[in-house]
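So the structure is just underneath, and the comments pick up after that.
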Amino acid sequence: MKLYQRLHPGVNLGPTDPENHEEAEEKIFGFWIFLMSDLVLFSVLFATYAAMSIQGVALGPSPKDIFDLSPVFLETMVLLASSFTFGLAILELKYRKNQGRLALWLTLTGLLGALFVGLELNDYRILLTEHGAAPQTSGFLSAYYLLTGTHALHVSVAIIWLIVLAVQLATLGPVGPVKLRLMRLALFWHMLDIIWIGIFTFVYLYGVVL
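Okay, so the sequence shown: first residue is 591 according to our numbering, each after it adds one.
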């Protein structure tokens, strides 16, 4: 079996960039370890929310009183679409090397990510102004804002990271270090999608149904 067939299949650089392929294996593996540590953080936030959403409502509203699935479903579709466009950008980076199309997919990804954050901030505005559901109202709301806010902060950081890499692509071109940074950002972005699916299911769907 050839080297590029053994190392991280699906995201390998072997067929098109063997020079950076071995370095990619080590750095991608190290980044996976970082992602696992970040997932531990979100696991704690999910566990806190699970306890507070049942035991910490106090005299404030319950999840069923304030959650509306329509805007949250739109946010979910926007974030999933951004993950799809990022996947197309990585394919362009690895196999086609068309910088124009690469820039297009990265721009769409950034815009979709920004739209997601904007929609989530609008949700907060509605909760605060129409429902009086501030973080200090109850333990449930404190846990809700902490969980969803931490996710929104991660997406915002990823957008800034994407902008920095887009500038590096424009100035340096698709050199090895920039490729590896984009591959790591793609993993980070997809992880945020998976976490959001958990939030959509566990926080919003269960909150409305139960």
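Quick reminder that beta carbons are idealized off the backbone N, C-alpha and C, glycines included.
Asked: I787 burial status per 10 Å Cβ neighbour count (16 or more: buried); Found: exposed
Asked: Buried or exposed (CB count within 10 angstroms, at least 16 for buried), I784; Found: exposed
Asked: Range covered by the alpha helix (DSSP H) that runs through L705; Found: 689-720
Asked: Nearest-angstrom Cα separation, counted from L759 out to Q726; Found: 44 Å
Asked: The region 750-764 contacting the region 666-674, beta-carbon criterion three pairs below 8 Å; Found: no
Asked: Spatially closest choice to L631 from L782, E710, V765, V757, by CA coordinates; Found: L782
Asked: Alpha-carbon to alpha-carbon, F663 and I789; Found: 11 Å
Asked: Integer-rounded CB distance, given that Y794 should sit under 8 Å from F657; Found: 5 Å
Asked: Inter-stretch contact at 8 Å, needing at least 3 Cβ pairs: the region 709-726 / the region 673-683; Found: no
Asked: Cβ contact check for the region 733-742 and the region 635-653: 3 or more pairs under 8 Å; Found: yes
Asked: For L649, the three-state DSSP class (helix, strand or coil); Found: coil
Asked: Three or more C-beta pairs below 8 Å linking the region 646-653 and the region 741-749; Found: no
Asked: For G729, the nearest candidate out of I644, S746, A693 (CA to CA); Found: I644
Asked: Where V662 sits in the DSSP three-state scheme; Found: helix
Asked: Closest Cα partner of T761 within the set L625, Q689, P661; Found: Q689
Asked: Limits of the alpha helix (DSSP H) - the one that S728 falls within; Found: Unbroken run through S728: none, as it is neither H nor E.
Asked: L717 versus A748: straight-line alpha-carbon distance, rounded; Found: 25 Å
Asked: Beta-carbon contacts of N712 that lie in its chain and below 8 Å, excluding the five residues immediately before and after; Found: P661
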